[in-house]
């Protein structure tokens, strides 16, 4: 086992970003993510489970749910595997959070606060260009001008990040490098540049975990590895099935093509025999051509 915890596990991710004592780590990451856009000075963690407002409604549970000092709300999640309707799920989560801001009574004037969804992905989004960061906003399709800044999705594809430590140029890239490589690092990089990484080193050091924390972390690692094994098995099974299907389809097409080619040769041979017999009987070449499908030149060379 490595020196530092695996941030892709539920326990590891929440230990880094989901605790009151480490909220400065989340603030620093969000400021790096939204550099030159806003500067967050404080956050308040909210209840991660939003209970349904009425019987039959669907409740929602987030990994990390917080609000800034100005009232903007952030949902931050780590996803290790592709899910059915993943994009729709993200849309549901954020829309649900927007709708929850509604107030009863006639005096409320739809004064909504912005809702951000930040999704760390340990896989690549399906049907999307493979890039580290995908920002989704509400904008005019033709002019690309922002229609509203109250709903925003930020998907971070960790497999699409390939920079080495020395190549990281921004705080955002440094965070991504550390998170992607944390469980294999022997030391925490960037400490000399920024003190937040020095604090991070203490938080994620496995040796610093209490006995109870270590038990929870070990269980979280087991779940994480089981998920990877399940994904690997499904991918291998799908690959084998695809290979078998490809071989089967290839054989069918090959046999079909072979039979078609054989029939063509047989018909050509039969046409030549007919043409040869008609030629012996003195039938004109142009008449034989019409009857056999062979050219006059071919008939003359028989």
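In the working numbering, the protein residues as written are 72 to 373. Every residue gets a Cβ at the ideal spot worked out from N, C-alpha and C, and that includes glycine.
Cβ-based burial, residue i [other Cβ within 10 Å; buried from 16]
i: residue 188; result: buried
i: residue 107; result: exposed
i: residue 78; result: buried
i: residue 272; result: buried
i: residue 291; result: buried
i: residue 179; result: exposed
i: residue 84; result: buried
Where residue i sits in the DSSP three-state scheme
i: residue 184; result: coil
i: residue 280; result: coil
i: residue 210; result: strand
i: residue 357; result: helix
i: residue 219; result: strand
i: residue 365; result: coil
i: residue 80; result: coil
i: residue 261; result: coil
i: residue 373; result: coil
i: residue 89; result: coil
i: residue 130; result: Caution is warranted here: a pLDDT of 45 is assigned to residue 130, below 50, making its placement in the model unreliable, and the coordinate value is therefore given only provisionally. Here residue 130 sits in coil by DSSP.
i: residue 194; result: coil
i: residue 323; result: helix
i: residue 300; result: helix
Boundaries (first-last residue) of the beta strand (DSSP E) holding residue i
i: residue 240; result: Unbroken run through residue 240: none, as it is neither H nor E.
i: residue 145; result: 144–150
i: residue 135; result: 135–139
heavy atom of the ligand HEM below 8 Å from residue i C-beta
i: residue 371; result: Looking for the ligand HEM in the displayed structure turns up nothing, as the structure carries no ligands at all.
Unbroken alpha helix (DSSP H) run spanning residue i, endpoints
i: residue 168; result: 157–170
i: residue 266; result: 266–275
i: residue 98; result: 94–104
Paired residues, beta bridge with residue i - DSSP
i: residue 205; result: 226
i: residue 112; result: Its beta-bridge partners do not exist; DSSP assigns none.
i: residue 189; result: 147 and 225
i: residue 75; result: 276
Integer-rounded CB distance, given that residue j should sit under 8 Å from residue i
i: residue 287; j: residue 82; result: 5 Å
i: residue 203; j: residue 232; result: 5 Å
i: residue 86; j: residue 274; result: 7 Å
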